[in-house]
Every structure is written in structure tokens, then in C-alpha cells.
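Accompanying notes for the structure given below.
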Amino acid sequence: MSIHATFALGCFWCPDAQFSSLPGVIRTRVGYSGGTKPASPTYKNLGNHSECVQIDFDPQRITYRELLKAFWSWHDPLSQYGEGQYASAIFYHTDEQRLEAEESKRERERHYARPLQTRIDKIKDFTRAEEYHQKVRVVDKDV
Numbered sequence: 004m005s006i007h008a009t010f011a012l013g014c015f016w017c018p019d020a021q022f023s024s025l026p027g028v029i030r031t032r033v034g035y036s037g038g039t040k041p042a043s044p045t046y047k048n049l050g051n052h053s054e055c056v057q058i059d060f061d062p063q064r065i066t067y068r069e070l071l072k073a074f075w076s077w078h079d080p081l082s083q084y085g086e087g088q089y090a091s092a093i094f095y096h097t098d099e100q101r102l103e104a105e106e107s108k109r110e111r112e113r114h115y116a117r118p119l120q121t122r123i124d125k126i127k128d129f130t131r132a133e134e135y136h137q138k139v140r141v142v143d144k145d146v
């Protein structure tokens, strides 16, 4: 049985490769989420959506908490991108994920003098990015 996790942490190419390399991660895909317009975002018409990576993982091999730890370590949560293309966000799929995400953010905030810009929102949509964005860092090591 696999479970979904979805994170926005800047450009989606590197996090896709990083999450893919973790034991217990079954598959990843990059896409767009977190916005309202347009209804079907594309890379050239992203609107107010953010680039994100969606992960299918085996909770017997890797926990959501471990994925959160990777999320925090792989990007700058103080970034001012906010609601934009490269926002920092955790899109939770269950109430349990929401609670773990909120707790991990509180723990992480103790290490910073400024508030984290990471938002925590319920996943409402996920539009898979164009095929040429999938597995870019795995296929082309020079990118």
C-alpha cells in the first residue's frame, strides 16, 4: 500500500530526483498545485499555482515525518516567494499529515529568527507537469 505526499520547495527538478532516491519512495511526479487559476495549469500558464513534487511512498519503509525532514533540509523555508511558482508549501492529504506538518514547522521555526514562509494547505488539486519536466535530473545530469 502506498500513500501520497506533496511538497513545493522551489523548482521541482531537484526535489524530484532527491525524493526519488530515498528508500521507501515508490514513485514521484512533478506538477502544479496550490492555486485557483487557471483550472488546468501548464508551465507556460502557471497562474497562481506552485511547482511541486508528488510522492507515492511505502509507510512501512519511510515515514511521513522522514519525508518532512528531507523537505526542510532541501530548501530555504525563509524564501520570500510566498504564493508564487517557487513557493515553499506542504500540501497534506490527511488530517494526520496536517498535524505532523504543523508540528514539524513549529520545531523548525525554533531554529530561525524570522518566520518561515512555508504554508501548510490541504491538497485540492494536482496537475501533472508536462512530460519533458518529468525526471529531468535523473535523465539529464547536466541540468
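In the numbering used here, the protein residues as written are 4 to 146. We put the CB at the ideal spot given by N, CA and C, even for glycine. These figures come from a predicted structure and were not determined experimentally.
Kindly list the residues whose CB is nearer than 7 Å to the CB of residue i, restricted to its own chain and excluding five residues on each side of it in sequence; keep chain order.
i          : result
residue 3  : There is no way to answer for residue 3, as the model of the chain reaches only from 4 to 146.
residue 77 : 12, 18, 21
Check for me: the alpha helix (DSSP H) holding residue i runs from which residue to which?
i           : result
residue 133 : Residue 133 -> no alpha helix (DSSP H), and no H or E assigned at all.
residue 90  : Careful: residue 90 lies outside any alpha helix (DSSP H) and carries neither H nor E.
residue 72  : 67 to 76
residue 22  : 16 to 23
For residue i and residue j, what's the separation of their Cα atoms in angstroms?
i           : j           : result
residue 121 : residue 112 : 10 Å
residue 146 : residue 110 : Confidence at residue 146 is low in this model, with a pLDDT of 42, below 50, so its placement is unreliable and no value can be given for it.
residue 142 : residue 73  : Only weak support is given to the placement of residue 142: the predicted model assigns it a pLDDT of 45, under 50, and the value that follows is read from those uncertain coordinates. One C-alpha to the other measures close to 22 Å.
residue 28  : residue 40  : 30 Å
residue 116 : residue 75  : 16 Å
residue 92  : residue 103 : 14 Å
residue 80  : residue 119 : 5 Å
residue 100 : residue 37  : 16 Å
residue 132 : residue 108 : 27 Å
residue 134 : residue 82  : 28 Å
Could you spell out the range, first to last residue, of the beta strand (DSSP E) harbouring residue i?
i           : result
residue 11  : 6 to 12
residue 117 : Neither: residue 117 is in no beta strand (DSSP E) and is coded neither H nor E.
residue 57  : 53 to 60
residue 40  : Run containing residue 40: none; DSSP gives neither H nor E here.
Taking the alpha carbon of residue i as the point to measure from, which residue in the options has its own alpha carbon closest?
i           : options          : result
residue 15  : 52, 68, 106, 65  : 52
residue 57  : 74, 34, 65, 102  : 34
residue 89  : 31, 106, 46      : 46
residue 137 : 5, 39, 55, 40    : 55
residue 65  : 134, 133, 132, 5 : 5
residue 70  : 39, 118, 48, 23  : 23
residue 67  : 25, 79, 80, 32   : 25
residue 50  : 87, 133, 32      : 87
Give every residue of the same chain whose Cβ lies closer than 6 Å to the Cβ of residue i, excluding the five residues on either side of it in the sequence, and list them in chain order.
i          : result
residue 30 : 59
residue 62 : 6
Looking only at its chain, what residues have a beta carbon closer than 8 Å to the beta carbon of residue i, apart from the 5 residues adjacent to it on each side?
i           : result
residue 8   : 57, 58, 60, 67, 70, 96, 100
residue 105 : 123
> Do the segment 117 to 131 and the segment 85 to 103 make contact, defined as three or more Cβ pairs closer than 8 Å?
Replying inline: yes
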